[in-house]
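Sequential numbering of the sequence shown, starting at 3, is according to the working numbering.
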Amino acid sequence: MVKTMTAALKIPHFGYCDEVDLTQLVLLRSELKGLAEARGVRLSYMPFFVKGSHNIGLAMDTPQGLLVPSVKNVQALSVFEIAAELNRLQALGSAGQLGPADLTGGTFTLSNVGSIGGTYAKPVILPPEVAIGALGKIQVLPRFNSCAELVKAHIMSVSWSADHRVIDGATMSRFSNLWCSYLEQPSSMVLDLK
Ligand code: COA
Numbered sequence: 003m004v005k006t007m008t009a010a011l012k013i014p015h016f017g018y019c020d021e022v023d024l025t026q027l028v029l030l031r032s033e034l035k036g037l038a039e040a041r042g043v044r045l046s047y048m049p050f051f052v053k054g055s056h057n058i059g060l061a062m063d064t065p066q067g068l069l070v071p072s073v074k075n076v077q078a079l080s081v082f083e084i085a086a087e088l089n090r091l092q093a094l095g096s097a098g099q100l101g102p103a104d105l106t107g108g109t110f111t112l113s114n115v116g117s118i119g120g121t122y123a124k125p126v127i128l129p130p131e132v133a134i135g136a137l138g139k140i141q142v143l144p145r146f147n148s149c150a151e152l153v154k155a156h157i158m159s160v161s162w163s164a165d166h167r168v169i170d171g172a173t174m175s176r177f178s179n180l181w182c183s184y185l186e187q188p189s190s191m192v193l194d195l196k
């Protein structure tokens, strides 16, 4: 941890935060949670957040402290398969049994600090990766819809940090917009399944 974080702080970080309306995702997950449970897998929100094209490292709070195992090649996995893999990594993490194969090879990290609490963060990049995202707690908040009506929305903030030597703010903004758009309209992910 000391070596990695000292190396990480040599990276010129820039931060970028936004909020994402997860109302439709909350509904979708409530429909799928029972189906996944019947197949022996606990389905949280993380498998939806992870569904990209990378080996996604997941910051994990374990009895041994912070560990970052990764789900490999998420682009080739369904949301259910990501959930099953996350369940496996969580069980190994709790038992202190995560090995080098699971703890190496990450290309991008997500830190769901919102599962403990908090809204915004300033996450530190895990070198040699070039970006990381911290997810806040999903909160029910008042928002206006496209018809200017006040609605109850499930809002989550996301705080990205990126290495400004290789990524500029506009690139991060376009990526964040795309990632948020998938989660705000989760049915759009079905189009690109597997
Ligand atoms: N907002 C609201 N609810 C959340 C949430 C969020 N951001 N994240 C998780 N939850 C809910 C889950 O949906 C689940 O609810 P359910 O019983 O209705 O399914 C419950 O909280 C517990 O989820 P959890 O066991 O934490 O699973 P997960 O897949 O969401 O997260 C880990 C898995 C490994 C990321 C998480 O357990 C963890 O360790 N988080 C801490 C990360 C950390 O330490 N970051 C700091 C690094 S510097």
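Beta carbons: idealized from backbone N, C-alpha and C, even for Gly.
- About 16 Å separates the Cβ atoms of Tyr184 and Met174, ruling out a contact at the 8 Å cut-off.
- Per the DSSP secondary-structure output, Leu137 pairs in a beta bridge with Val160.
- Classified as buried, Leu24 has 16 or more neighbouring CB atoms from the shown chains inside 10 Å of its CB.
- Approximately 21 Å separates the beta-carbon atoms of Pro102 and Ser113; this is outside 8 Å, ruling out the contact.
- With contacts defined as CB atoms closer than 8 Å, Phe50 and Leu27 qualify as a contacting pair.
- About 4 Å separates the Cβ atoms of Pro71 and Asp104, confirming a contact at the 8 Å cut-off.
- Nearest C-alpha to Leu60 among Gln66, Val73, Gly67: Val73.
- Just measuring C-alpha positions, the residue of Ala86, Leu152, Gly138 sitting nearest Met158 is Gly138.
- Two segments are said to touch when three or more pairs of C-beta atoms, one from each, lie closer than 8 Å; by this definition the stretch 8-21 does not touch the stretch 79-89.
- Rounded to the nearest angstrom, the gap between the Cα atoms of Ser80 and Val168 is 30 Å.
- Straight-line spacing of the CA atoms in Ile58 and Asn147 works out to 32 Å.
- Less than 8 Å separates the beta-carbon of Ala136 from that of Ser161.
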